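A.B. asks: Let me begin by handing over the structure; questions about it come next.
Residue numbers (the working numbering): 1275 to 1416.
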């Protein structure tokens, strides 16, 4: 119970393995909200923001932020609705994740995989809607 409470209010420490059952998605690189508490920023990739902009200093893919978000939602089993805040609701497969630590704010950077998908960041690169972010890719998704 204590671990669940800690996960709900804090980022998962770097190197720690954890499970994420996705329940909502904001954009193509996260956050992905987990039923277990964490909010995940997918490791090693960059997507446009939902408004179509790109943040300074990060790769800027050609695909729109909405296209990237929708690709992630499809990988996670498809949309089940929309929250009042605009998040897309999903009931995705259980993800097995390794934390890379704090990804600004209340987000945990993580590399996640699931049966049938494999590495979620690499699967997103394969959709053509996000770019590999060399600075954070750490040898993944080559």
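Glycine included, each C-beta is placed from N, C-alpha and C at the ideal position.
Bear in mind the structure is a predicted one, so any value in this text is a computation, not a measurement.
(1) I'd like the span of the alpha helix (DSSP H) that includes residue 1350, first residue to last.
(2) So what does DSSP say about residue 1303, is it helix, strand or coil?
(3) Indicate whether residue 1403 and residue 1341 have their beta-carbon atoms separated by less than 7 angstroms.
(4) Give the C-beta separation of residue 1357 and residue 1363 to the nearest angstrom, bearing in mind that I take them to be a contact with Cβ-Cβ under 8 angstroms.
(5) From the DSSP output, read off the bridge partner residues of residue 1392.
(6) For the putative contact between residue 1314 and residue 1409, defined by C-beta atoms under 8 angstroms, what is the C-beta separation to the nearest angstrom?
(7) With DSSP as the reference, please indicate the residues paired to residue 1295 in a beta bridge.
(8) Within 10 Å of its beta-carbon, does residue 1325 have 16 or more other beta-carbons around it, so buried, or fewer, so exposed?
(9) Quick one: any contact between the region 1326-1333 and the region 1383-1396, if contact means 3 or more CB pairs under 8 angstroms?
C.D. replies: The relevant details are as follows:
(1) It is not in any alpha helix (DSSP H) - residue 1350 carries neither H nor E in the DSSP assignment.
(2) Here residue 1303 sits in coil by DSSP.
(3) yes
(4) Contact check for residue 1357 and residue 1363: beta-carbon distance about 6 angstroms, within the 8 angstroms limit, so the pair qualifies.
(5) 1388
(6) Their Cβ separation, rounded to whole angstroms, is 18 angstroms, which puts residue 1314 and residue 1409 out of contact at 8 angstroms.
(7) Answer is none; residue 1295 lacks a bridge partner.
(8) exposed
(9) no
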